[in-house]
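Visitor: Right, I'll just put the structure down here and ask away after.
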Amino acid sequence: MSVVTEYARPREFIALAAFLMATIALAIDMMLPAMGQMAIDLELSEPARISWVILGIFAGLIFGQLVFGPLSDAIGRRGSIQIGIAIFLIGTGVCALTDSFEVLIAGRVLQGFGGAATRIVTQAMVRDRFAGREMARVMSFVMTIFILVPIFAPMIGQVVLWFGNWQMLFVTLGGFSAIILGWFSLRQPETLTHRRTITVSHLSEALRTVLTNEQSLRFTLATGVSFGGLVSYLSSAQHIFQDIYQTGEWFPVLFGSTAASIAISSLVNANYVRRFGMETICRIAFAVQILWSAFFLALYVNGNPISLIAWLVYIVPVLFLMGLTFANLQSVALEPMGAIAGTASTVIGSLMTAVSLSVGIVFSQFMGNSANPLILTFFITGSIALLLIRLKATRASL
């Protein structure tokens with residue numbers, strides 16, 4: 004294959020970057036409508052185990068970020084993304100061909116591992132090409148496209164299920180990824196001009212720096228705990244909407260409607276973060292999340308299950324509030340890292356994913372025949388996150 008030397012036009016680059024970053028989101032959200040049928044076909048005695056179809060992706064992401072971040076600095080962005088998508092495709096093939104639950108989860112871990120490249124290396128590729136306000140502008144366009152994926156991916160998954168079984172979802176996902184790989188290979192040249200080798204000692208030093216820096220550690224943990232609540236929701240969404248509330252084929256529409264609140268809050272945050280500061284927005288968002296959750300816990304303290312309408316009234320504002328915090332928390336965590344920001348970003352991303360996966364595993368086990376446990380989950384995760392970011396309240400507002 005000939006080496007591509009000309010940069011794609013900015014609009015094409017933005018679209019390509021957005022679709023690359025959307026790969027993992029599609030791999031998660033497209034599967035949601037099929038999880039009930041997966042549990043039946045795979046003969047799971049404990050239906051809660053099917054949540055590992057979602058959790059397995061995050062397990063792979065933990066290690067993938069640690070590998071592909073440094074690898075892209077050493078061999079370049081093109082090769083790293085191509086290797087990552089190839090591994091993702093192998094994992095997708097494993098998932099499409101197996102009838103074993105354990106092998107399916109192994110394939111999902113492979114998808115997460117390889118898909119990490121489409122997330123972390125794409126961000127590095129944007130940093131290579133653009134700087135300052137132009138970089139922020141490009142990333143805002145990329146993220147605008149990216150945040151639409153959770154809204155429409157379950158609907159795409161449902162359409163595929165009308166014409167085939169859940170294995171066809173992986174075939175569709177594999178076809179999408181192969182097209183993106185071809186597009187990327189044909190149109191995107193290498194963006195890294197100065198390659199450098201990142202050794203294990205560099206990663207160890209970055210890990211030590213993050214763990215010993217009070218600000219970075221607090222906000223990394225806060226991000227992980229808060230995102231863990233979202234992981235719990237993602238892994239339980241199908242059970243809540245289809246099994247508990249019997250919404251059937253309306254599930255993708257209802258789930259997409261709740262996900263839209265995160266997209267809206269991302270745009271709101273972009274407009275108000277300069278005026279109020281990152282930490283202030285996070286403190287207010289978590290405080291309101293705690294109060295809103297406490298209100299609903301009090302309403303259903305007698306143990307009566309929350310109705311579908313009441314659940315939607317609860318979850319949409321909670322997801323909106325969470326959407327206000329994610330980018331801000333990660334930005335504050337990275338702020339003190341200075342010269343090692345690139346490597347530290349890899350470490351912080353892996354730590355955050357590890358914490359969120361752990362939280363998601365713990366709380367997803369408590370799901371029963373109502374959505375009430377998730378209200379308690381968001382109350383606890385919001386409380387811990389707020390406590391973490393207020394441990395040093397004397398820090399100047401950004």
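Residues in the sequence shown are numbered consecutively from 4, following our numbering. Idealized CB from N, CA, C, for every residue including glycine.
What alpha helix (DSSP H) runs, 4 residues minimum, are completely inside the stretch 83-147?
Guide: DSSP runs (the alpha helix (DSSP H)) wholly in the stretch 83-147: 104-132.
Visitor: Since I believe F381 is in contact with G232 (beta carbons under 8 Å), could you give me their beta-carbon distance rounded to a whole number of angstroms?
Guide: Yes, they are in contact, since the Cβ atoms of G232 and F381 sit about 5 Å apart, within 8 Å.
Visitor: Between T215, E15, F116 and T349, which lies nearest to F91 when the distance is taken from Cα to Cα?
Guide: Of the listed residues, the one whose Cα sits closest to F91 is F116.
Visitor: DSSP state of M325, grouped into three classes?
Guide: Residue state, collapsed to three classes: helix.
Visitor: With three or more beta-carbon pairs closer than 8 Å as the criterion, would you say the stretch 51-65 touches the stretch 183-191?
Guide: No, because fewer than three Cβ pairs between the stretch 51-65 and the stretch 183-191 fall closer than 8 Å, the two stretches do not touch.
Visitor: Taking Cβ positions, are M34 and G177 nearer each other than 8 Å?
Guide: Cβ atoms of M34 and G177: not closer than 8 Å.
Visitor: Can you check whether the CB of P157 is closer than 8 Å to the CB of F254?
Guide: It is a contact, given that the beta carbons lie within the stated cut-off.
Visitor: Assess, as a yes-or-no matter, whether the stretch 204-212 is touched by the stretch 46-57 under the definition of 3 or more beta carbon pairs within less than 8 Å.
Guide: They do not touch, by the three-pair rule.
Visitor: Smallest Cα separation from G352: which of Q170, T226 and L237?
Guide: Checked all of Q170, T226 and L237; the closest Cα to G352 is T226.
Visitor: Are the beta-carbon atoms belonging to L394 and R286 less than 8 Å from one another?
Guide: Against a cut-off of 8 Å, the Cβ pair of R286 and L394 comes out as no contact.
Visitor: I need the straight-line Cα distance from I265 to F323, nearest angstrom please.
Guide: If I take the Cα positions, the gap works out to 5 Å.
Visitor: Using alpha carbons as the reference points, say which of Q114, L29, I364 and E105 lies closest to L58.
Guide: It is I364.
Visitor: Quick one, are the C-beta atoms of P73 and T349 less than 8 Å apart?
Guide: For P73 and T349, yes; Cβs fall inside 8 Å.
Visitor: Kindly list the residues whose CB is nearer than 6 Å to the CB of Y248, restricted to its own chain and excluding five residues on each side of it in sequence; keep chain order.
Guide: Taken in chain order, the residues that qualify are L311.
Visitor: Is the distance from the Cβ of V152 to the Cβ of D32 below 8 Å?
Guide: Their beta carbons are under 8 Å apart, which means V152 touches D32 by this criterion.
Visitor: To which residues of the same chain is Q245 closer than 6 Å at the C-beta, ignoring the five residues directly before and after it?
Guide: Here the set comprises G39 and F254.
Visitor: Please list the terminal residues of the continuous alpha helix (DSSP H) segment that includes W186.
Guide: W169 to R190 is the extent of the alpha helix (DSSP H) around W186.
Visitor: Select from M41, V124, W314 and L332 the residue whose C-alpha is nearest the C-alpha of S103.
Guide: Among M41, V124, W314 and L332, the Cα nearest to that of S103 is on M41.
Visitor: Per DSSP, what kind of secondary structure is Q374 in: helix, strand or coil?
Guide: The sequence shown places Ala at residue 374, not Gln. A374 falls in the coil class under three-state DSSP.
Visitor: So does the stretch 367-386 actually touch the stretch 289-298, counting three or more Cβ pairs closer than 8 Å?
Guide: Touching, yes.
Visitor: Using the C-alpha atoms, what's the distance from M128 back to A120?
Guide: For A120 and M128, the distance between alpha carbons rounds to 11 Å.
Visitor: Taking DSSP as the reference, what is the three-state secondary structure of V46?
Guide: According to the sequence as given, residue 46 is Glu; it is not Val. Coil, per DSSP.
Visitor: Assess contact between the stretch 77-89 and the stretch 192-202, defined as three or more Cβ pairs (one per stretch) separated by less than 8 Å. Is contact present?
Guide: Segments in contact, yes.
Visitor: Smallest Cα separation from W55: which of F149, L237, R277 and I86?
Guide: The residue with the shortest Cα to Cα distance from W55 is L237.
Visitor: Would you grab the beta carbon distance between G67 and G118 for me? Rounded to a whole angstrom, and I think it's under 8 Å.
Guide: Going by Cβ atoms, the distance from G67 to G118 rounds to 7 Å, so yes, they are a contact pair.
Visitor: May I have the straight-line CA-CA distance separating L69 from A240, to the nearest angstrom?
Guide: Cα to Cα, L69 sits roughly 29 Å from A240.
Visitor: When DSSP labels each residue in this structure, what does I351 get in the three-state scheme?
Guide: Helix, per DSSP.
Visitor: Considering only C-alpha positions, which residue in the set A273, V271, A347 and L379 is nearest to W314?
Guide: The candidate whose alpha carbon is nearest that of W314 is L379.
Visitor: L151 lies in the alpha helix (DSSP H); which residues open and close that run?
Guide: No alpha helix (DSSP H) contains L151, which DSSP labels as neither H nor E.
Visitor: Which same chain residues, not among the five before or five after R52, have their C-beta less than 8 Å away from its C-beta?
Guide: If we look at R52 and ignore the five residues flanking it on each side, its Cβ neighbours are A42 and F104.
Visitor: Check the C-beta distance from P308 over to N216 and give it rounded, since I have them as a contact under 8 Å.
Guide: 44 Å between Cβ atoms; not a contact.
Visitor: Please list, in chain order, all residues of the same chain as A99 whose beta carbon is under 6 Å from its beta carbon, the five residues on each side excluded.
Guide: Counting only Cβ-Cβ distances below 6 Å, and skipping sequence neighbours, we find Q170, F173 and V174.
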